[in-house]
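Residue numbers for the sequence shown follow this note's numbering, beginning at 15 and rising by one. The block underneath contains the structure these notes are about, expressed in structure tokens.
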Amino acid sequence: MTFSIHGLAVARGVAIGRAVLVASSRVDVAHYFIEPEQVPAEIERLRRARAAVVEELQKLQKDMPKDAPHELTALLDVHLMLLEDTELAAGVRQWIEDRYYNAEWAVTSQLEVIARQFDEMEDPYLRERIADMEQVAERVLFCLKGSDSPIIQTRRATRPQQELQLDDTMDVPLVLVAHDLSPADMLQFKQSVFAGFVTDVGGKTSHTAIVARSLDIPAVVGARTASQLIRQDDWIIIDGDAGVVIVDPSPIVLAEYGFKQRQGDLERERLSRLKHTPAVTLDGERIELLSNIEMPEDTDAVVQVGSVGVGLFRSEFLFMGRQGHLPDEDEQYAAYRRAVEGMNGMPVTIRTVDVGADKPLDEARHDAAHLNPALGLRAIRWSLADPSMFLTQLRAILRAAAFGKVNLLVPMLAHGSEIRQTLALLDQARQELDRRAVAYGAVKLGAMIEVPAAALSVRMFLRYFDFLSIGTNDLIQYTLAIDRADESVAHLYDPLHPAVLRLVSDTISECRRQGKSVSVCGEMAGDVTMTRLLLGLGLRSFSMHPSQILSVKQQVLRADTVKLAAWAQRVLDSDEPAAVLAEQV
Ligand code: PEP
Ligand code: MG
Numbered sequence: 015m016t017f018s019i020h021g022l023a024v025a026r027g028v029a030i031g032r033a034v035l036v037a038s039s040r041v042d043v044a045h046y047f048i049e050p051e052q053v054p055a056e057i058e059r060l061r062r063a064r065a066a067v068v069e070e071l072q073k074l075q076k077d078m079p080k081d082a083p084h085e086l087t088a089l090l091d092v093h094l095m096l097l098e099d100t101e102l103a104a105g106v107r108q109w110i111e112d113r114y115y116n117a118e119w120a121v122t123s124q125l126e127v128i129a130r131q132f133d134e135m136e137d138p139y140l141r142e143r144i145a146d147m148e149q150v151a152e153r154v155l156f157c158l159k160g161s162d163s164p165i166i167q168t169r170r171a172t173r174p175q176q177e178l179q180l181d182d183t184m185d186v187p188l189v190l191v192a193h194d195l196s197p198a199d200m201l202q203f204k205q206s207v208f209a210g211f212v213t214d215v216g217g218k219t220s221h222t223a224i225v226a227r228s229l230d231i232p233a234v235v236g237a238r239t240a241s242q243l244i245r246q247d248d249w250i251i252i253d254g255d256a257g258v259v260i261v262d263p264s265p266i267v268l269a270e271y272g273f274k275q276r277q278g279d280l281e282r283e284r285l286s287r288l289k290h291t292p293a294v295t296l297d298g299e300r301i302e303l304l305s306n307i308e309m310p311e312d313t314d315a316v317v318q319v320g321s322v323g324v325g326l327f328r329s330e331f332l333f334m335g336r337q338g339h340l341p342d343e344d345e346q347y348a349a350y351r352r353a354v355e356g357m358n359g360m361p362v363t364i365r366t367v368d369v370g371a372d373k374p375l376d377e378a379r380h381d382a383a384h385l386n387p388a389l390g391l392r393a394i395r396w397s398l399a400d401p402s403m404f405l406t407q408l409r410a411i412l413r414a415a416a417f418g419k420v421n422l423l424v425p426m427l428a429h430g431s432e433i434r435q436t437l438a439l440l441d442q443a444r445q446e447l448d449r450r451a452v453a454y455g456a457v458k459l460g461a462m463i464e465v466p467a468a469a470l471s472v473r474m475f476l477r478y479f480d481f482l483s484i485g486t487n488d489l490i491q492y493t494l495a496i497d498r499a500d501e502s503v504a505h506l507y508d509p510l511h512p513a514v515l516r517l518v519s520d521t522i523s524e525c526r527r528q529g530k531s532v533s534v535c536g537e538m539a540g541d542v543t544m545t546r547l548l549l550g551l552g553l554r555s556f557s558m559h560p561s562q563i564l565s566v567k568q569q570v571l572r573a574d575t576v577k578l579a580a581w582a583q584r585v586l587d588s589d590e591p592a593a594v595l596a597e598q599v
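This is the structure we're talking about:
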């Protein structure tokens, strides 16, 4: 039966494929694809885990006291019987053999298939037997946890799938469906070729959504119950433009979206012709289109798309998901240097680590006890609370600056004292390198304007910094008191709120007045519906995901900043900026 689920559109385009559900089990397990040659070893791993559970249950049975309640022995019998269940065993094997799922993922996938069958049973007693099945599966998963597993990797299963309804011979695209994905998970999926993804939670500018956008695949977040409604292997369509997920589409709907998908491909091809066109407006203003990256390797895409530098390297992605072992100076230096060299002389703006809020270092350290993590020890606050970690990062960045143009950007500053502490630590980092006689380069120093307090103290900031970069994602979050990762308040997250526009506009104006450079590196910079407004407000430097550069360039090429300036003032002064924004200029 066809039905649709509505969420928030975060990455454009249409994806059509089979659903791959992750973490649908109550037990959190690893999900990755194995190589075809690893199939026998994976099945053997599964067999050993199952044998271990059988042994454990038999031992329990043997050691059971004579006066133990009859129900207990009966329960163990049932569990042993279920372990022999051929549907469970054969099903699990099939996920491994046909889909190359790792054993844990295969167990949870098959458990889910069986749970659906149980759900449909009339008899409530039988229906409740799923709990036993779950317990057995959890025991197996527990045993698997202790066994060696191959290196985690994500790779697309290339073998033709069984039971295909559409085309048995095609290489089926896979679409990821999850309740939530941490930014670190997303980074892992970056190596894979999922055609799209859907999550239940997340706001439009949550970090999960941002990483999704960098994957340049259609995505919908905040789809609430998607991971419960969509079943493993369902055919789904993701309409990344409308924020809609269509489950089990009819042939007519499929054909329509197939057409839309092809149109999207054609549009991309057309845009790719703008790669080498300079970003200059109709009235001759040169606009700097920079890129946001998460990893040094992302510079390949930056160069390919014709972007003229990195405006934001979110260095925290080097720090995440490392189970407490933070990268040392040499590892960081090597990563920053790779990014700098990858840009062939173009500037790279490295932001110092911004962990906290929706970017936990790793799940274990994610402290849910902090009720307002976005207002807590995040970004520069975290760095200043651990000066030795911060100094390590500063030294690594300074060393990488010997190999190209590096700008050092500091996130979430609000107080003069934080600025002065940061500058003192930067001096100290230089002195330490001097003492060690290690070479380093000059950096331009910038601050992110992402707290209203900072936007209202731009003059103070400009006394210390060479440039500013407006982080609109956080500036909107903190101005409007909207958690950017919370889909339940996503409708209030409004880049066009007059207060937000005023803060952005005043920051740009003051920088221009003082001849200092200013850019926007939040998601607003890559949103084509905002390009004209930002140009009209005087912005000449935008930083966004490489995948958005060409669409924004197209807007730039069609713009006349003189005409836009007067119109932008009207947007700014309006109670309903969205209405003025919609006018043709
Ligand atoms: C921002 O807040 O706009 C920004 C670019 O930083 P991040 O999204 O990493 O918080
Ligand atoms: Mg930010």
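Where a beta carbon is used, it is the ideal one built from N, C-alpha and C, also for glycine.
**Under 8 Å between C-beta atoms of residue 250 and residue 234** = What you label residue 250 is simply residue 236 of the sequence shown in a count that begins at 1. What you label residue 234 is simply residue 220 of the sequence shown in a count that begins at 1. Cβ distance not < 8 Å, so residue 250 and residue 234 don't count as in contact.
task: Return yes when the C-beta of residue 488 is under 7 Å from any heavy atom of ligand 2, and no when it is not.
output: Start at 1 with the first residue of the sequence shown, and residue 488 comes out as number 474. Result yes, Cβ under 7 Å from ligand 2.
Q. If you scan the region 205 to 285 from start to end, which runs of the beta strand (DSSP E) of 3 or more residues do you find wholly inside it?
A. 210 to 213, 233 to 235, 249 to 253 and 258 to 261
* Asked: For ligand 1, is there a heavy atom less than 7 Å away from the beta-carbon of residue 394?
  -> For the purposes of this step, residue 394 is taken as residue 380 along the sequence shown, with counting starting at 1. The answer is no for residue 394.
- Could you check what DSSP says for residue 325 in three-state terms: helix, strand or coil? In the sequence shown, counting from the first residue as 1, residue 325 sits at position 311. If DSSP states are grouped into helix, strand and coil, residue 325 belongs with the strands.
Looking at C-alpha atoms only, which residue of 421, 409, 246 and 157 is the closest neighbour of residue 191? Along the sequence shown, read from residue 1 onward, the residue named residue 191 stands at position 177. Closest by C-alpha distance to residue 191, out of 421, 409, 246 and 157, is 246.
Margin query: Looking at chain D, is there any beta carbon in it that lies within less than 8 Å of the beta carbon of residue 580?
Written below: In the structure shown, chain D cannot be found, because there is only a single protein chain.
**Cβ neighbour criterion (16 or more within 10 Å) applied to residue 221** = Here residue 221 refers to the residue found at position 207 when the sequence shown is read from its first residue. By the neighbour-count rule (16 or more Cβ atoms within 10 Å), residue 221 is buried.
- Query: By a C-beta neighbour count over all protein chains shown, 10 Å radius and 16 as the cutoff for buried, is residue 445 buried or exposed?
  - Reply: By 1-based counting over the sequence shown, the position of residue 445 is 431. The residue is exposed, with fewer than 16 neighbouring Cβ atoms inside 10 Å.
Would you mind reading off the limits of the beta strand (DSSP E) that contains residue 307? Start at 1 with the first residue of the sequence shown, and residue 307 comes out as number 293. Its beta strand (DSSP E) spans residues 302 to 307.
Subject >> Limits of the beta strand (DSSP E) - the one that residue 462 falls within >> reply: As a position in the sequence shown, residue 462 is number 448, starting the count at 1. From DSSP, the beta strand (DSSP E) with residue 462 extends over 457 to 463.
*What is the residue span of the alpha helix (DSSP H) that residue 572 lies within?*
Stepping through the sequence shown from its first residue, residue 572 is reached at position 558. Run containing residue 572: none; DSSP gives neither H nor E here.
Practice problem: Can you grab the Cα-Cα spacing for the pair residue 146 / residue 108, in whole Å? | Solution: Within the sequence shown, residue 146 is the residue found at index 132, counting from 1. Within the sequence shown, residue 108 is the residue found at index 94, counting from 1. Roughly 22 Å between the two C-alpha positions.
- prompt: Near residue 388, what residues of its chain come up, given a Cβ to Cβ distance below 7 Å and the 5 sequence neighbours on each side ignored?
  reply: Taking the sequence shown and counting its residues from 1, the one referred to as residue 388 is at position 374. Closer than 7 Å at the Cβ level, and outside the excluded window around residue 388, lie 371, 491 and 497.
I'd like the span of the beta strand (DSSP E) that includes residue 481, first residue to last. Counting from one through the sequence shown, the residue named residue 481 turns up at place 467. Looking at the DSSP string, the run of the beta strand (DSSP E) that includes residue 481 is 481 to 484.
Check: In three-state terms, what does DSSP make of residue 93?
Finding: Numbered from 1 along the sequence shown, position 79 holds the residue referred to as residue 93. It is helical.
| query | Run through DSSP, which three-state label would residue 487 get? | reply | For this step, residue 487 is matched to residue 473 along the sequence shown. Helix.
Notebook entry, point to check: So does the region 310 to 318 actually touch the region 583 to 590, counting three or more Cβ pairs closer than 8 Å?
Noted result: no
(Q) Please list the terminal residues of the continuous alpha helix (DSSP H) segment that includes residue 33. (A) In the sequence shown, counting from the first residue as 1, residue 33 sits at position 19. Residue 33 -> not in any alpha helix (DSSP H); beta strand (DSSP E) instead, spanning 28 to 36.
| said: Three or more C-beta pairs under 8 Å: does that hold for the region 255 to 268 against the region 335 to 354? | reply: Touching, no.
Exercise. Out of curiosity, what's the CA-to-CA distance linking residue 29 and residue 232?
Worked result: By 1-based counting over the sequence shown, the position of residue 29 is 15. By 1-based counting over the sequence shown, the position of residue 232 is 218. If I take the Cα positions, the gap works out to 6 Å.
Can you say whether residue 321 is buried or exposed, counting buried as having 16 or more other CB atoms within 10 angstroms of its CB?
As a working mapping, residue 321 is identified with position 307 in the sequence shown. Taking every protein chain shown into account, the CB of residue 321 has 16 or more other CB atoms within 10 angstroms, so this residue is buried.
Using a Cβ-Cβ cut-off of 6 Å (strictly less than) and excluding sequence neighbours within five positions of residue 120, which residues of its own chain qualify?
Locating residue 120 in the sequence shown gives position 106, where the first residue counts as 1. Counting only Cβ-Cβ distances below 6 Å, and skipping sequence neighbours, we find 106, 109 and 110.
Top-ranked residue by Cα proximity to residue 485, from 208, 306, 98 and 193: As a position in the sequence shown, residue 485 is number 471, starting the count at 1. Distance from the Cα of residue 485 is smallest, within the candidate group 208, 306, 98 and 193, for 306.
Exercise for the section: Pull up the distance between the alpha-carbon of residue 435 and that of residue 398, whole angstroms please. Expected result: Taking the sequence shown and counting its residues from 1, one reaches residue 435 at position 421. Taking the sequence shown and counting its residues from 1, one reaches residue 398 at position 384. Rounded to whole angstroms, residue 435 to residue 398 spans 8 Å at the Cα level.
Check: Roughly how many angstroms separate the alpha carbons of residue 533 and residue 239, rounded to a whole number?
Finding: Residue mapping note: residue 533 aligns to position 519 of the sequence shown, counting from 1. Residue mapping note: residue 239 aligns to position 225 of the sequence shown, counting from 1. Rounded to whole angstroms, residue 533 to residue 239 spans 38 Å at the Cα level.
(Q) Using a Cβ-based criterion (distance less than 7 Å to any ligand heavy atom), does residue 368 qualify as near ligand 2? (A) Position 354 of the sequence shown, counted from the start, is the residue given in the question as residue 368. The nearest non-hydrogen atom of ligand 2 is less than 7 Å from the C-beta of residue 368.
Notebook entry, point to check: Are there 16 or more other CB atoms within 10 angstroms of the CB of residue 543, so buried, or fewer, so exposed?
Noted result: Along the sequence shown, read from residue 1 onward, the residue named residue 543 stands at position 529. So residue 543 ends up on the exposed side.
Check your understanding: Considering only residues of the same chain and omitting the five flanking positions on each side of residue 181, which have a CB-CB separation below 8 Å?
Key -> If you number the sequence shown from 1, residue 181 lands on position 167. Below a pLDDT of 50, predicted positions are generally treated as unreliable, and residue 181, at 37, falls in that range; the measurement from the model is reported next regardless. Excluding positions up to five away in sequence, the list is empty.
query = From which residue to which residue does the alpha helix (DSSP H) around residue 431 run?
reply = Locating residue 431 in the sequence shown gives position 417, where the first residue counts as 1. For residue 431, the enclosing alpha helix (DSSP H) begins and ends at 430 to 450.
* Asked: Roughly how many whole angstroms lie between the Cα atoms of residue 566 and residue 540?
  -> If you number the sequence shown from 1, residue 566 lands on position 552. If you number the sequence shown from 1, residue 540 lands on position 526. Spanning the two alpha carbons is a distance of roughly 7 Å.
Next item on the list: Could you please give me the residues that DSSP links to residue 370 through a beta bridge?
Entry: For this step, residue 370 is matched to residue 356 along the sequence shown. DSSP lists 373 as the beta-bridge partner residues of residue 370.
### Message
Please report the distance separating the alpha-carbon of residue 184 from that of residue 278.
### Response
Taking the first residue of the sequence shown as position 1, residue 184 is located at position 170. Taking the first residue of the sequence shown as position 1, residue 278 is located at position 264. Confidence is the limiting factor: at residue 184 the pLDDT is only 43, short of 50, which leaves the residue's position unreliable and the question unanswerable from this model.
What residue from 93, 419 and 410 has the CA that sits closest to residue 347's CA?
For the purposes of this step, residue 347 is taken as the residue at position 333 of the sequence shown. Of 93, 419 and 410, the residue nearest in Cα terms is 410.
Worksheet item: Where does residue 214 land, buried or exposed, given buried means 16+ other C-beta within 10 angstroms?
Response: As a position in the sequence shown, residue 214 is number 200, starting the count at 1. By the neighbour-count rule (16 or more Cβ atoms within 10 Å), residue 214 is buried.
inquiry  = For a test of the three-state rule: what should DSSP assign to residue 165, helix, strand or coil?
reply    = As a first step, residue 165 must be located in the sequence shown, where it is residue number 151. Low per-residue confidence applies at residue 165: pLDDT is 31, beneath 50, and the placement is therefore not dependable, though the value from the model is reported in the following sentence. Looking at residue 165 - three-state DSSP - the assignment turns out to be coil, as it is neither helix nor strand.
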